[in-house]
Amino acid sequence: MSGRGRGRGTSSKDETHAASSGATLCVTWETSTSSGRTSKLVTWLTDHPVDCIVLFSDDRSAPCPQGKPSGRMKQEICAVIAEVIFKDDADWGQAFSTYPANFAKVVQDCLGT
526 MSGRGRGRGT SSKDETHAAS SGATLCVTWE TSTSSGRTSK LVTWLTDHPV
576 DCIVLFSDDR SAPCPQGKPS GRMKQEICAV IAEVIFKDDA DWGQAFSTYP
626 ANFAKVVQDC LGT
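Just so we're aligned: the sequence shown equals residues 526 to 638 in the working numbering.
As structure tokens, then:
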């Protein structure tokens, strides 16, 4: 077990923090009444197995399903995922349009990559 994602403070497991031009961005992925962001993330990962290999495998010789990844590096793929999740989000859409790289970092932190 690598221990990635452990010991990152006292935040809830459903929250991800990232710096946003000096401020802290605290995204709540799901609540007791809404799992919209988590559902979008899981659906996207399920629909993009080639990207999952880039994100989660250190072995580049692993068998690759058909298709091209959304990016060559993890950060590029996280940026694509962030756009899918946050672009039209009622709470975060405007902030995403101003700081898209920060939301890519939120996704990367959430995934532990």
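Yeah, the Cβ is synthetic: ideal placement off N, Cα and C, and Gly gets one too.
Keep in mind that this is a model prediction, so the values were computed, not measured.
From the options, residue whose alpha carbon lies closest to that of residue i
i: C603; options: W554, G592, Q633 and Q591; result: Q633
i: D583; options: K599, D572 and K565; result: K599
i: R597; options: W569, V567, D613 and I578; result: I578
i: D572; options: T558, G592, S560 and S559; result: G592
i: V567; options: D613, A607 and A615; result: A607
Rounded Cβ spacing between residue i and residue j (contact assumed at less than 8 Å)
i: V575; j: W617; result: About 27 Å; that fails the 8 Å criterion.
i: V631; j: L550; result: 6 Å
i: T638; j: L570; result: Actually they do not touch by this definition, with Cβ atoms about 11 Å apart.
Contacts around residue i, its chain only, beta-carbon distance under 7 Å, and the 5 residues preceding and following it disregarded
i: F611; result: W617, G618, F621 and F628
Close beta carbons around residue i, own chain, < 8 Å, minus the five adjacent residues each side
i: E601; result: S595
i: K565; result: V609 and I610
i: A626; result: A604
i: G530; result: For G530, the predicted model reports a pLDDT of 42, less than 50, meaning its position is unreliable; a value from the coordinates is still stated below. So the list reads G637, once near-sequence residues are dropped.
Span of the alpha helix (DSSP H), counted from its first residue to its last, around residue i
i: G637; result: No alpha helix (DSSP H) contains G637, which DSSP labels as neither H nor E.
i: P594; result: Here P594 belongs to no alpha helix (DSSP H), and DSSP marks it neither H nor E.
i: T571; result: G561 to D572
i: A607; result: K599 to F611
i: T623; result: G618 to T623
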